[in-house]
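Residue numbers (this note's numbering): 63 to 219. In this text, a Cβ means the ideal position worked out from N, Cα and C, and glycines have one as well. Just below is one structure, and these are the notes that go with it.
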């Protein structure tokens, strides 16, 4: 199954577009964590406590899932609300600065998430995507969703 949507083009990051390319901006952007975020650590610790063993950021799988469990053909992503477009139709209008960059950037991230989901489905992987706020507020429910799938082989949503 090929993913046929036209790839969203993200404009380059440059000063003419109103971006700072100074050391200060670089330092600010460098502080944004991509792996081992607090929600990821919370989720992994809770999963480990339940006796579930996993791999982190498996490069052999599309999208390098935050957590993968080969035995159950399971890929788990913990997505940040801003970067992956949580509640996008409403949040999109709240972006006031550098809209020409951020809107295509986030929409491309969302498109890439769909592509990765499709690629993993082709490989017979089940994909779980949790928002960071779900992990922070409803960790037990998120863990339970994964455990139900592992124990029954199906998703109860």
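- Contact between the segment 180-197 and the segment 117-127 is present: 3 or more CB-CB pairs across the two stretches fall below 8 Å.
- For residue 165, there is no enclosing beta strand (DSSP E); the enclosing alpha helix (DSSP H) has its first and last residue at 161-184.
- Residue 147 and residue 133 have their alpha carbons spaced roughly 30 Å apart.
- Shown here, residue 138 sits in a strand according to DSSP, grouped into three states.
- Using a 10 angstroms sphere on the CB of residue 118, the tally of other CB atoms stays under 16, which defines it as exposed.
- About 16 Å separates the CB atoms of residue 70 and residue 151; that is not less than 8 Å, and the two are not in contact.
- For residue 72, no beta strand (DSSP E) encloses it, and the DSSP letter there is neither H nor E.
- Sequence-distant Cβ neighbours of residue 159 in its own chain, meaning closer than 7 Å and more than five residues away, do not exist here.
- The C-beta separation of residue 112 from residue 209 comes to about 6 Å, placing the pair in contact by the 8 Å criterion.
- A straight-line Cα-Cα distance of about 20 Å links residue 138 and residue 149.
- If you draw a 10 Å sphere on the C-beta of residue 110, you find fewer than 16 other C-beta atoms in it, and that means exposed.
- Within its own chain, the residues whose Cβ lies closer than 7 Å to the Cβ of residue 197, once the five positions on either side in sequence are excluded, are 101, 104, 105, 140 and 204, listed in chain order.
- Per DSSP, the unbroken alpha helix (DSSP H) holding residue 212 starts and ends at 201-214.
- Residue environment for residue 214: exposed (fewer than 16 other C-beta atoms within 10 angstroms of its C-beta).
- Rounded to the nearest whole angstrom, the CA to CA distance from residue 188 to residue 177 is 14 Å.
- For residue 117, the beta-bridge partners assigned by DSSP are 130.
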